[in-house]
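Numbering (the numbering used here), first residue to last: 7 to 408.
See structure below.
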């Protein structure tokens, strides 16, 4: 019997927050198992919703401040002060996320993380001792250059003139002058919750892997890659703490290279789930489940590389719990995610992306109901361990017809 179901989804980019996804899944579960105990654990990966979730989980609060958005306009942003009072959570997506970039302005060579630096400064103004920067859902590819500019660094070309913001400008970078950096940075612990699989440079560098998703053409991808290579070289020479590998270090490519920019200031880049999920007591909740349902916008070969469903499945399997994964799209490798026992797409029929995004909550609820009904049916089927063969008597022979 399925008496306790843990619902632990990620958000669906540009469509559903993790909280909204959890509510939609719960509605589908209740249609099939009205008496089941539901434990909703909307999960954050450093992207959208991270500050809200951690503030709620720790009894903290949100601080709303105006800051520079990814296309240069002022936006209403926020960061969290956790219940301990000494830690701030800066969610980069709240000020430089892809959802803040209008579709007709999606040029990752022009967008900036300047607002991230402004949020860090605002957190410093509150006197915190620790700042946790959540990376994910970014609309930028500037290597964190904008954030460093907001914190006081000067990015100079060959003539000593300051560069404008944006990743495409990094090919012209000649020198970084760190003398104006906010001195308070030396007195705080700066942590970055990121996907360790994302690196700044090389064939698997962030511009090549994620640039097209942010609107970059093939030519722009190469331009951004060259700029980030130059950024890593100059930043290592002029700013970075000793023995910091900004090109290939784990997590340096997080949020369009923001990880590398902050690492140069001495930030510790940590696997995001190790940092974030401890606040939610996820392992203990999974251990008590009869079934675990997780979800994300896409399930494919990239899912095992630091995505929420893979992490949920890994932890659930430590306690032998079955895992169902729901997804907006099922791509190559969807059926091979370790720990996921079954996966199910939420689209009942082909439809336009705009319609799918608009109806995401409804589609997710309906898909949950369909999947659960199949699971319940499976629990009621008798198990047959040996094939049943009819006895053959006399001279009768089995038919050769197939």
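For glycine and all other residues, C-beta sits at the position ideal for the given N, C-alpha and C.
{"Check": "Are the CB atoms of residue 125 and residue 199 within a distance shorter than 7 Å?", "Outcome": "no"}
{"Check": "From residue 385 to residue 8, what does the alpha carbon distance come to, in whole angstroms?", "Outcome": "10 Å"}
{"Check": "Taking the alpha-carbon of residue 155 as reference, which of 307, 140, 100 and 172 has the nearest alpha-carbon?", "Outcome": "172"}
{"Check": "Have a look at residue 318 and residue 208 and give me their C-alpha separation to the nearest angstrom.", "Outcome": "30 Å"}
{"Check": "Kindly indicate the opening and closing residues of the alpha helix (DSSP H) around residue 352.", "Outcome": "It is not in any alpha helix (DSSP H) - residue 352 carries neither H nor E in the DSSP assignment."}
{"Check": "Closer than 8 Å by C-beta to residue 381: which residues in its own chain qualify, once you throw out the five before and the five after it? Chain order, please.", "Outcome": "8, 297, 330 and 348"}
{"Check": "So within the stretch 202–244, which uninterrupted beta strand (DSSP E) runs reach at least 3 residues, ignoring any that extend past its ends?", "Outcome": "none"}
{"Check": "What is the DSSP secondary structure of residue 51, counted as helix, strand or coil?", "Outcome": "coil"}
{"Check": "Determine which residues share a DSSP beta bridge with residue 199 and list them.", "Outcome": "140 and 276"}
{"Check": "Alpha carbon to alpha carbon, how far is residue 286 from residue 470? Give it in angstroms, no decimals.", "Outcome": "Only positions 7 to 408 of the chain appear in the structure, and residue 470 is not among them; the question remains open."}
{"Check": "Identify whether residue 285 lies in helix, strand or coil by the three-state DSSP scheme.", "Outcome": "helix"}
{"Check": "Whole angstroms are fine: how far does the CA of residue 167 sit from the CA of residue 310?", "Outcome": "44 Å"}
{"Check": "Please list the terminal residues of the continuous alpha helix (DSSP H) segment that includes residue 8.", "Outcome": "Neither: residue 8 is in no alpha helix (DSSP H) and is coded neither H nor E."}
{"Check": "Which one of 116, 76, 177 and 272 has the shortest CA to CA distance from residue 106?", "Outcome": "76"}
{"Check": "Going by DSSP in three states, residue 42 sits in which element: helix, strand or coil?", "Outcome": "coil"}
{"Check": "DSSP on residue 394, reduced to helix/strand/coil?", "Outcome": "Residue confidence for residue 394 is low, a pLDDT of 49 falling below 50, so the modelled location carries little weight and cannot support an answer."}
{"Check": "According to DSSP, what are the bridge partners of residue 307?", "Outcome": "For residue 307, which the question treats as bridged, DSSP gives no partner whatsoever."}
{"Check": "Look at the Cβ atom of residue 146, then the Cβ atom of residue 102, and state whether they are nearer than 7 Å.", "Outcome": "yes"}
{"Check": "Does residue 399 pass the burial test, meaning 16 or more other C-beta atoms within 10 Å, or should it be called exposed?", "Outcome": "Only weak support is given to the placement of residue 399: the predicted model assigns it a pLDDT of 43, under 50, and the value that follows is read from those uncertain coordinates. Its Cβ having fewer than 16 others within 10 Å, residue 399 is exposed."}
{"Check": "Comparing C-alpha positions only, which one of 202, 157 and 219 sits nearest to residue 113?", "Outcome": "219"}
{"Check": "Buried or exposed for residue 397, please, with buried defined as at least 16 other CB atoms from any protein chain shown within 10 angstroms of its CB.", "Outcome": "With a pLDDT of 47 at residue 397, under the threshold of 50, the predicted position of this residue should be treated as unreliable, though the coordinate-derived value follows. The residue is exposed, with fewer than 16 neighbouring Cβ atoms inside 10 Å."}
{"Check": "Using 8 Å for Cβ pairs, my map puts residue 252 next to residue 273. What's the rounded Cβ distance?", "Outcome": "The pair is not a contact, with the Cβ atoms about 11 Å apart (cut-off 8 Å)."}
{"Check": "When you compare only the Cα positions, how much space is there between residue 354 and residue 245?", "Outcome": "53 Å"}
{"Check": "Could you check how far apart the C-beta atoms of residue 31 and residue 247 are, in whole angstroms? I think they sit under 8 Å.", "Outcome": "Incorrect: roughly 43 Å between the Cβ atoms, too far for contact."}
{"Check": "So what's residue 184 in DSSP terms, helix, strand or just coil?", "Outcome": "coil"}
{"Check": "Excluding the 5 residues flanking residue 196 on each side, which residues of the same chain have their C-beta closer than 6 Å to its C-beta?", "Outcome": "137 and 273"}
{"Check": "Does residue 256 come out as helix, strand or coil in the three-state DSSP assignment?", "Outcome": "coil"}
{"Check": "Per DSSP, which residues does residue 22 bridge with? Please list them.", "Outcome": "18"}
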